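Here the structure is laid out as C-alpha cells; the discussion comes afterwards.
Protein chains: 2
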Amino acid sequence: MTLDMPGAGVFDVVVLSEPFDLIALFGASAAPFVRLLRPEEVTDPEAIRYALCWCPSDEAFAAFPNIELAMSIAAGVDSIVSCPSLPQGATVARVRDDDQAHLMAGFAVWNVIHHHRRMGDMQRNHAAGLWDRSFTPRPPRETTVGVLGFGLMGRACAEAIAAAGFTVVVARHRDGAPVAGIEQVCGPEAVDQVAARADILVNVLPLTESTRDILDARLFALMPKGAVLVQMGRGEHMIEEDLLAALDSGQISAASLDVFRQEPLPEGHPFWTHPAVVLTPHKASVSTRAETIRQLVENCEAISAGAPAPGAVDRSAGY
Amino acid sequence: MTLDMPGAGVFDVVVLSEPFDLIALFGASAAPFVRLLRPEEVTDPEAIRYALCWCPSDEAFAAFPNIELAMSIAAGVDSIVSCPSLPQGATVARVRDDDQAHLMAGFAVWNVIHHHRRMGDMQRNHAAGLWDRSFTPRPPRETTVGVLGFGLMGRACAEAIAAAGFTVVVARHRDGAPVAGIEQVCGPEAVDQVAARADILVNVLPLTESTRDILDARLFALMPKGAVLVQMGRGEHMIEEDLLAALDSGQISAASLDVFRQEPLPEGHPFWTHPAVVLTPHKASVSTRAETIRQLVENCEAISAGAPAPGAVDRSAGY
Numbered sequence: 036m037t038l039d040m041p042g043a044g045v046f047d048v049v050v051l052s053e054p055f056d057l058i059a060l061f062g063a064s065a066a067p068f069v070r071l072l073r074p075e076e077v078t079d080p081e082a083i084r085y086a087l088c089w090c091p092s093d094e095a096f097a098a099f100p101n102i103e104l105a106m107s108i109a110a111g112v113d114s115i116v117s118c119p120s121l122p123q124g125a126t127v128a129r130v131r132d133d134d135q136a137h138l139m140a141g142f143a144v145w146n147v148i149h150h151h152r153r154m155g156d157m158q159r160n161h162a163a164g165l166w167d168r169s170f171t172p173r174p175p176r177e178t179t180v181g182v183l184g185f186g187l188m189g190r191a192c193a194e195a196i197a198a199a200g201f202t203v204v205v206a207r208h209r210d211g212a213p214v215a216g217i218e219q220v221c222g223p224e225a226v227d228q229v230a231a232r233a234d235i236l237v238n239v240l241p242l243t244e245s246t247r248d249i250l251d252a253r254l255f256a257l258m259p260k261g262a263v264l265v266q267m268g269r270g271e272h273m274i275e276e277d278l279l280a281a282l283d284s285g286q287i288s289a290a291s292l293d294v295f296r297q298e299p300l301p302e303g304h305p306f307w308t309h310p311a312v313v314l315t316p317h318k319a320s321v322s323t324r325a326e327t328i329r330q331l332v333e334n335c336e337a338i339s340a341g342a343p344a345p346g347a348v349d350r351s352a353g354y
Numbered sequence: 036m037t038l039d040m041p042g043a044g045v046f047d048v049v050v051l052s053e054p055f056d057l058i059a060l061f062g063a064s065a066a067p068f069v070r071l072l073r074p075e076e077v078t079d080p081e082a083i084r085y086a087l088c089w090c091p092s093d094e095a096f097a098a099f100p101n102i103e104l105a106m107s108i109a110a111g112v113d114s115i116v117s118c119p120s121l122p123q124g125a126t127v128a129r130v131r132d133d134d135q136a137h138l139m140a141g142f143a144v145w146n147v148i149h150h151h152r153r154m155g156d157m158q159r160n161h162a163a164g165l166w167d168r169s170f171t172p173r174p175p176r177e178t179t180v181g182v183l184g185f186g187l188m189g190r191a192c193a194e195a196i197a198a199a200g201f202t203v204v205v206a207r208h209r210d211g212a213p214v215a216g217i218e219q220v221c222g223p224e225a226v227d228q229v230a231a232r233a234d235i236l237v238n239v240l241p242l243t244e245s246t247r248d249i250l251d252a253r254l255f256a257l258m259p260k261g262a263v264l265v266q267m268g269r270g271e272h273m274i275e276e277d278l279l280a281a282l283d284s285g286q287i288s289a290a291s292l293d294v295f296r297q298e299p300l301p302e303g304h305p306f307w308t309h310p311a312v313v314l315t316p317h318k319a320s321v322s323t324r325a326e327t328i329r330q331l332v333e334n335c336e337a338i339s340a341g342a343p344a345p346g347a348v349d350r351s352a353g354y
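And the structure:
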C-alpha cells in the first residue's frame with residue numbers, strides 16, 4: 036500500500052492499551068506519518084493531543100488532559116467511550132475499513148453456509164472415508180438469516196449473505212435508505228422481531244449500554260426452535276450460560292462463536308468442547324495496520340485543522 | 036411447494052438412467068402431473084415421446100425411436116448428448132433452477148473462504164484447544180478468484196464471491212453483457228487467461244468435448260504458484276493424477292473437490308487422505324425434485340404444442 040499523503044505532518048500520538056503493545060503492532064506502519072509514543076516516553080504530557088487506543092485502562096487518559104482525539108485501532112469503540120478518564124470534549128474515532136468489512140462478511144457467510152449445508156458433517160464423513168449424500172439442504176431462499184446491526188460491518192455481511200440466495204432481514208437502530216434484496220426492521224423492537232424470524236441469527240451489533248447482554252435466554256426463546264447463532268459482535272453481547280442452556284435444550288441447535296466475555300477463552304470453558312459450537316479466536320476480521328495508520332493520520336489532520344474527524348463516532352450513542 | 040399448473044395434462048415419461056432409480060427419486064413428486072415409467076413398464080414404446088434421464092446407458096433410447104424430449108434431472112446434459120442411441124431430432128433439455136444455482140454459489144463461497152481464511156487450521160486449533168490468532172488474511176480484494184463458466188451456475192457463484200469482496204474474473208465461451216463487479220474474459224484463450232491470474236480457481240464449466248480433461252498439468256502450471264482449486268464441475272474435467280502431482284509439488288497448495296471421475300470415489304483413492312484436499316460427495320448443489328418435475332412438465336407441454344422447450348440446450352455445443 037502506498038500512503039498518498041505528501042503534505043502530512045508528523046503527529047505525536049500516545050498509545051493507550053492495557054492488553055496490547057500497540058507500538059509492536061503498529062510501529063512499523065506508523066513512520067514517517069505519525070510518531071507513536073508509549074505513555075512513559077512522553078516528556079510533555081500536556082502537549083499530547085492524539086491517542087491510539089484499544090481497551091485503555093480506567094486511568095489511561097488521566098495524565099493527558101489535552102487529548103482531542105482518541106482513535107480506536109478497530110471498528111469498536113466501546114472500551115474508549117466507557118473509559119472514565121476520557122476527556123469530556125475528546126473526539127472518539129474508529130476505523131472504517133471496507134477491507135475489514137469484507138473480511139467480516141466472508142466470515143459470516145462461511146459460518147452461515149457451514150450450518151445451512153452441514154459442512155461439519157461432510158468434513159467428519161470425509162475424515163471417516165464415508166461417501167454420504169443423504170442430507171438434502173433447503174433452498175437458501177427458504178432459510179431466513181437475521182443480521183443484527185446494519186453499519187459498515189452489518190451491511191457487508193447482509194449483502195454477502197443475500198448474494199448466496201438467503202432471505203435476509205436486518206435489525207437496525209436508525210432508519211435508513213432501502214437496500215435491494217435486504218429487508219430492514221428499525222426501532223426498539225427490531226432485534227426481537229428479527230430474532231423471532233431468524234433460522235440463523237448473525238450478531239454484528241456495536242457494544243453499547245443498550246446492547247450489552249442482548250443475546251440472552253429471553254432472546255433465544257423468541258427464536259425459532261433449533262435456530263443457529265453466529266456471534267461476531269462483542270463477547271459482552273452474550274450471556275454465555277444462557278447460550279449453553281439453549282444449546283443443551285435444543286432451542287438453539289448450533290452456534291459459531293468468535294468473541295467471548297474473557298479472551299483468550301479460558302482453558303476448560305465449556306464452549307471449547309461443546310459439540311454444537313464452532314469456535315474461532317476473535318478472527319472474524321482484522322483491520323490492516325497500514326489502513327489504520329492512514330485513517331489515524333486523516334483524523335489527526337482533521338482535528339488539527341479544526342474540521343470534523345472523518346472516523347468520529349457519536350459518543351453518546353456509543354458507536 | 037405448490038405446483039401451479041391447473042391445465043397440465045398427464046404426460047407419459049420413460050425414465051432412463053443407469054446409476055439411479057429415478058422412479059424412487061422422483062415418483063412422489065411426479066403425480067399427478069406426469070406418469071413416470073420404467074422402460075420395462077412401457078407397453079407401446081413407439082408412443083413414448085418424453086424421457087427423464089441421468090446417465091442413460093448407450094442403448095437406452097434404442098427401444099424408444101419417437102422420443103422428442105430427453106430431459107436431464109439436473110443442469111448437466113453431457114451424458115445425454117453423448118448417448119449414441121439418442122434420436123437425432125430429439126430436444127435435449129436441462130433444469131434451470133435458481134435455487135440450485137444459489138446452493139452452488141454458497142458451496143463455492145464456503146470453499147473459497149475456507150481456503151482464504153485457513154478455516155481448516157482454525158478448526159484444528161479449536162479441536163486442540165488452541166487460541167491462535169497468528170494468521171492474518173489478505174484483504175479479499177487482493178485475492179483474485181477465477182471462475183470457469185458463466186452460465187446460470189457460474190454467474191451465481193461469481194456474484195456471491197464478489198459480494199464477499201474478492202476480485203472476480205470469469206472465463207466464458209460466448210460473449211455477453213457486462214455484470215457489475217465481475218470482469219469477464221471471453222474466447223478460446225479465456226480459461227488459460229483466467230487460470231493464469233487466479234489465486235483461487237473455481238470450476239463450474241459444463242462438460243463438453245472441448246472441456247473434458249481441461250484441468251490438467253498444463254493448466255495447473257499456468258496458475259500462480261500455490262494457487263487453490265475448487266472443482267465443482269464434472270469429474271471428467273480433471274486429470275486426477277495431474278492434480279496429485281501439482282499438490283505434491285506445491286504448485287497447487289490446496290483443493291476442494293466435489294466431483295470425481297468415478298463416483299462414489301473408490302475406497303483407497305489418494306484424494307481421501309491427502310492433507311491438502313477438502314472432499315465432498317458431489318453435493319455442491321441439488322435441484323429440488325418438485326422443481327425438476329415442474330420444469331419437465333413445462334418442457335413436455337412446449338414440445339406437445341410444437342413450441343421451443345424452455346430448458347432446451349444447444350446439442351451441438353453440448354450445453
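Order-wise, the sequence lines are chains X and P.
One gets the numbering used here by counting positions in the first sequence from 1 and adding 35 to each.
One gets the numbering used here by counting positions in the second sequence from 1 and adding 35 to each.
Even glycine gets a Cβ: it sits at the ideal position worked out from N, Cα and C.
All figures in this text were calculated on a predicted structure; none of them were measured in a lab.
Between C192 of chain P and A199 of chain P, the alpha-carbon positions lie close to 11 angstroms from each other.
Proximity to Q297 of chain X across X:E275, X:G285, X:A337, X:V69 peaks at X:E275, based on C-alpha coordinates. Here DSSP, grouped into helix, strand and coil, assigns L165 of chain X to coil. The C-beta distance from A319 of chain X to A289 of chain X rounds to 17 angstroms, too long to fall under 8 angstroms, and the pair is not in contact. Between V239 of chain P and M188 of chain P a beta carbon distance of about 5 angstroms is seen, short of the 8 angstroms cut, so the two are scored as contacting.
Not flagged as an interface residue toward chain P: E218 of chain X, since no C-beta distance is shorter than 8 angstroms. Taking C-beta separations shorter than 6 angstroms and ignoring five residues to either side along the sequence, the partners of Y85 of chain X in its chain run F46, V48, L104, C335, following chain order. Three or more Cβ pairs closer than 8 angstroms define a contact, and the segment 52-72 of chain X meets that threshold against the segment 320-328 of chain X.
Residue-level contact check: H137 of chain X touches chain P, since one or more beta carbons of chain P fall below 8 angstroms from its beta carbon. At a beta-carbon threshold of 7 angstroms, the residues of chain X lying near A195 of chain P are A198, A199, ordered along the chain.
Residues of chain X whose Cβ lies closer than 8 angstroms to the Cβ of H149 of chain P are, in chain order, W145. D251 of chain X is a Cβ neighbour of D277 of chain X, given a cutoff of 8 angstroms. Counting only the Cα atoms, M258 of chain P lies some 4 angstroms from A231 of chain P.
Under the 8 angstroms criterion on CB atoms, H309 of chain P is classed as non-interfacial with respect to chain X.
Here E81 of chain P has P100, N101 as same chain residues with Cβ atoms under 7 angstroms from its own Cβ, once five neighbours each way along the sequence are excluded. Boundaries of the alpha helix (DSSP H) harbouring G141 of chain P: 133-151, taken from the DSSP string. Residue range 324-339 is occupied by the alpha helix (DSSP H) that includes N334 of chain X, with no beta strand (DSSP E) assigned at that position. Per the C-alpha coordinates, the member of P:V144, P:F255, P:E75 positioned closest to G285 of chain P is P:F255.
Taking the Cα positions, P54 of chain X is about 8 angstroms away from W89 of chain X. Within 7 angstroms of the CB of D167 of chain P, the CB atoms of chain X belong to P316, in sequence order along the chain. With respect to S120 of chain X, F96 of chain X sits close: the two C-beta atoms are nearer than 8 angstroms.
Take A342 of chain X, set aside five residues on each side of it, and no residue of its chain has a beta-carbon closer than 6 angstroms to its own. Around the CB of T78 of chain P, fewer than 16 other CB atoms lie within 10 Å, so the residue is classed as exposed. V321 of chain P reaches chain X at T171, counting residues in chain order whose Cβ is nearer than 7 angstroms.
When DSSP assignments are scanned along the segment 169-242 of chain P, the uninterrupted stretches of alpha helix (DSSP H) that are 4 or more residues long and fall wholly within it turn out to be 187-198, 225-232. In terms of beta-carbon proximity, P345 of chain P stays away from the interface with chain X, with every pair separated by 8 angstroms or more. Among the bridge pairs identified by DSSP, V294 of chain X is matched with none. The shortest C-alpha to C-alpha distance from R269 of chain X to any of X:H317, X:A262, X:A233, X:F185 is the one to X:H317. G164 of chain X reaches chain P at E302, W307, counting residues in chain order whose Cβ is nearer than 7 angstroms.
Collapsing the DSSP output to three states places V112 of chain X in coil.
With a cutoff of 8 angstroms on beta-carbon distance, Q330 of chain X and G346 of chain X are scored as near each other.
In terms of Cα proximity to W145 of chain X, the closest of P:V182, P:G181, P:I196, P:F170 is P:I196. Closest in C-alpha terms to N160 of chain P, from the list X:D349, X:I338, X:T308, X:S351, comes X:T308.
With contact defined as three or more Cβ pairs closer than 8 angstroms, the segment 169-184 of chain X and the segment 201-215 of chain X are in contact. Per DSSP, S64 of chain X is one residue of the alpha helix (DSSP H) stretching across 57-65.
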